[in-house]
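Student:
Numbering (this note's numbering), first residue to last: 14 to 553.
(1) I need the boundaries of the alpha helix (DSSP H) containing residue 178, first residue and last residue.
(2) Just how far apart, CA to CA, sit residue 181 and residue 139?
(3) Hey, would you say residue 232 sits closer than 7 Å to residue 336, going by beta carbons?
(4) Report the rounded CA-to-CA distance for residue 474 versus residue 460, giving the unit in angstroms.
(5) In terms of DSSP beta bridges, what is residue 439 paired with?
(6) Can you tell me where the alpha helix (DSSP H) holding residue 318 begins and where it ends?
(7) Answer with buried or exposed for residue 216, where buried requires no fewer than 16 other C-beta atoms within 10 angstroms of its C-beta.
(8) By DSSP, does residue 545 sit in helix, in strand, or in coil?
(9) Per DSSP, residue 39 is paired with what?
(10) Would you call the segment 27-44 and the segment 113-130 in contact, with 3 or more CB pairs under 8 Å?
(11) Below 8 Å on the Cβ atoms is my guess for residue 170 versus residue 97; work out the distance and round it to an integer in Å.
(12) Less than 8 Å between the CB atoms is what I'm expecting for residue 290 and residue 256, so what's the real figure, rounded?
(13) Since residue 389 and residue 380 should fall inside the 8 Å C-beta cutoff, what is the C-beta to C-beta distance between them, to a whole number of angstroms?
(14) Residues in its own chain within less than 6 Å of residue 327 by CB, not counting five upstream and five downstream?
(15) Counting only runs of 3+ residues fully inside the segment 489-515, write out the beta strand (DSSP E) ranges in chain order.
(16) Quick one: is residue 462 buried, meaning 16 or more other Cβ sit within 10 Å of its Cβ, or exposed?
(17) Could you pull the DSSP bridge partners for residue 83 from this structure?
(18) Please identify the residue among 406, 450, 113 and 173 whose C-alpha is closest to the C-alpha of residue 342.
(19) Among residues of its own chain, excluding the 5 on either side of residue 278, which ones have a beta-carbon nearer than 6 Å to its beta-carbon?
(20) For residue 122, list the residues DSSP reports as bridge partners.
(21) Compare the Cα-Cα distances from residue 103 to each of 91, 133, 77 and 331 and report the closest residue.
(22) Run through DSSP, which three-state label would residue 374 get?
(23) Could you tell me the boundaries of the beta strand (DSSP E) in which residue 146 lies?
(24) Apart from the five residues just before and just after residue 77, which ones in its own chain have a Cβ nearer than 7 Å to its Cβ?
(25) In three-state DSSP terms, what is residue 434?
(26) Just reading off the beta strand (DSSP E) that residue 191 is part of, what are its end residues?
(27) Assign residue 254 to buried or exposed, taking buried as 16 or more other Cβ atoms, counted over all protein chains shown, within 10 Å of its Cβ.
(28) My understanding is that residue 523 touches residue 545, with C-beta atoms under 8 Å, so please give their C-beta distance in whole angstroms.
(29) Is the shortest distance between the beta-carbon of residue 199 and the beta-carbons of chain C less than 7 Å?
(30) So what's residue 209 in DSSP terms, helix, strand or just coil?
(31) Quick check on this structure: which residue in 443, 164, 136 and 89 has the alpha carbon closest to the alpha carbon of residue 108?
(32) Going by CA-CA distance only, name the one from 65, 56, 72 and 115 that's closest to residue 91.
(33) Can you give the Cα-Cα distance for residue 492 and residue 211, rounded to whole angstroms?
(34) Closer than 7 Å by C-beta to residue 136: which residues in its own chain qualify, once you throw out the five before and the five after it? Chain order, please.
(35) For residue 127, which of 117, 79 and 187 has the nearest alpha-carbon?
(36) Mind checking which residues open and close the beta strand (DSSP E) that includes residue 417?
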């Protein structure tokens, strides 16, 4: 990789006037291996006061209130899924760009995105969106008429950072924890870095490098080494003189696009130090590539169920990882359902289990028609992702029902989880929770419901809890007496070689046995950081 010579960081004088900063973005994580298609209706779209209320640092009592006028544009976020339909993407993109132009002069933009959005027909959706956002910002200019608006991006560490995407962005940062318990902290860091640079008149250099490694999130959790130490080192790097921020992306493993790989960006006024630290971090990541392991013990569906049934630890949690809707899975595979009911102890009721939440609107509607206590015969799941066994035929008893109107929308960490119709059906010792649209089950409230008369299911009272998830979210993690990660099939299969990537750049670990002698000089990949020169403070 060649290094772009550093451009002089000419910058305007320190700004004392009140800044005018926009907030907006479009965020979703999209598996190109998932047959589900995301549409504009899947996105929680916020504007105006509702958008500003998402954040704490936009409040009137924030220390930034006297320094910044926040301008709400459009923020759209969706539960991960399949690629976004082109028409829906264009509708959202056009509104964001139109709102930027209508907002008038802006000093900058807090760009709240994910980084792993795929759109039908595009190979780098974030780059396409960002180029349009940059052009719109440049067209309105800054309030004083002398500068060029800055973009500060807050991202998920499972996003992708291509050169094309990074080039129009002044500041980039990402989560430092997986699970993402620091999602809101990341957004605030992006906002404060932007305000700092605007007030100081700073236009930092960005040292960017990609690493030819692509790993699933379940192998890169910051609960374990080597990710734990790698991400912990970011704070140390940004404390160095001349450095503003350091970020590491593991990339998104379930999209088959050239941009999908690990990336590092170190930002600062000291170009030489930023480049050196980015290259050093890239080398550490590369050298550790074989040390990443799954966040928990793994096995096939049958192996995990067998171990869980035999264990005395309760509740015992199992992740149905291949169909995890919060990673981009369809959420309607009945593969694990079939394996659970093949087990004699579960089928007979000797062992109890609860398995949320297979997406099947037709089956849910039939349960509502039948009513609580009725026996129903259902063809469950396998309608969207039909490539792994198709629907599962069962007969059971409707245990509980909950209408979407009895639930609250929530947007935690950026994911959109709206109320859905749900039905609980019991078959032997198994209680199956069906949902009429894709929904994660991450908390106790997801099972019990949020209103009187909800499902009322307490997962802690079951022997087994089998959830469509990868690594356990904090509340589930605390609940589990023990747990296993089932390596099940689906659109977010942990076994990447089974999926059939053919568009990612090669050689790439783990698709190739990328030894040092694969490369011409025998020293491994060129991990020299490219210096992206500061974006000129004046409009082109």
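Glycine included, every Cβ here is placed at the ideal spot set by N, Cα and C. This structure is a prediction, so every number in the text was calculated from the model and none was measured.
Tutor: Taking the geometry as given:
(1) According to the DSSP assignment, residue 178 belongs to the alpha helix (DSSP H) that extends over 176-179.
(2) Each residue's Cα considered, the two are about 11 Å apart.
(3) When the beta-carbon positions are compared, residue 232 and residue 336 stay at least 7 Å from each other.
(4) So the two alpha carbons sit approximately 12 Å from each other.
(5) Residue 439 is bridged to 410 and 444.
(6) From DSSP, the alpha helix (DSSP H) with residue 318 extends over 314-323.
(7) By the 16-neighbour rule on beta-carbons within 10 angstroms, residue 216 is buried.
(8) In this structure, DSSP gives residue 545 an extended state, which the three-state scheme calls strand.
(9) Paired residues: 89.
(10) Output reads yes: the segment 113-130 touches the segment 27-44.
(11) Contact between residue 170 and residue 97 does not hold, since their C-beta atoms are separated by about 21 Å, which reaches or exceeds 8 Å.
(12) Going by Cβ atoms, the distance from residue 290 to residue 256 rounds to 7 Å, so yes, they are a contact pair.
(13) Cβ-Cβ separation between residue 389 and residue 380: approximately 6 Å, consistent with a contact (criterion under 8 Å).
(14) Excluding positions up to five away in sequence, the list reads 476 and 494.
(15) Runs found: 495-499.
(16) Looking at its Cβ environment, which holds 16 or more other Cβ atoms inside 10 Å, residue 462 is buried.
(17) Listed as beta-bridge partners of residue 83 by DSSP are 34.
(18) For residue 342, the closest C-alpha among the options 406, 450, 113 and 173 is that of 450.
(19) Setting aside the 5 residues that flank it on each side, residue 278 is surrounded in the same chain by 185, 219, 221 and 260, each with a C-beta closer than 6 Å to its C-beta; the list follows chain order.
(20) According to DSSP, residue 122 bridges with 35 and 164.
(21) Nearest neighbour of residue 103 by Cα position, chosen from 91, 133, 77 and 331, turns out to be 133.
(22) Helix at residue 374.
(23) DSSP places residue 146 in no beta strand (DSSP E) but in the uninterrupted alpha helix (DSSP H) bounded by 138-153.
(24) Counting only Cβ-Cβ distances below 7 Å, and skipping sequence neighbours, we find 70 and 208.
(25) Here residue 434 carries a coil assignment [DSSP, helix/strand/coil].
(26) That residue, residue 191, is in no beta strand (DSSP E); it is neither H nor E in DSSP.
(27) Under this definition residue 254 is an exposed residue.
(28) Contact flag wrong, Cβ pair sits at about 29 Å.
(29) Annotation note: the requested chain C is absent from the structure, which comprises a single protein chain.
(30) Residue 209 sits in a helix when the DSSP states are folded into three classes.
(31) The residue with the shortest Cα to Cα distance from residue 108 is 89.
(32) For residue 91, the closest C-alpha among the options 65, 56, 72 and 115 is that of 56.
(33) Roughly 45 Å separates the two Cα atoms.
(34) Here the set comprises 270 and 271.
(35) The option with the nearest alpha carbon to residue 127 is 187.
(36) Unbroken run through residue 417: none, as it is neither H nor E.
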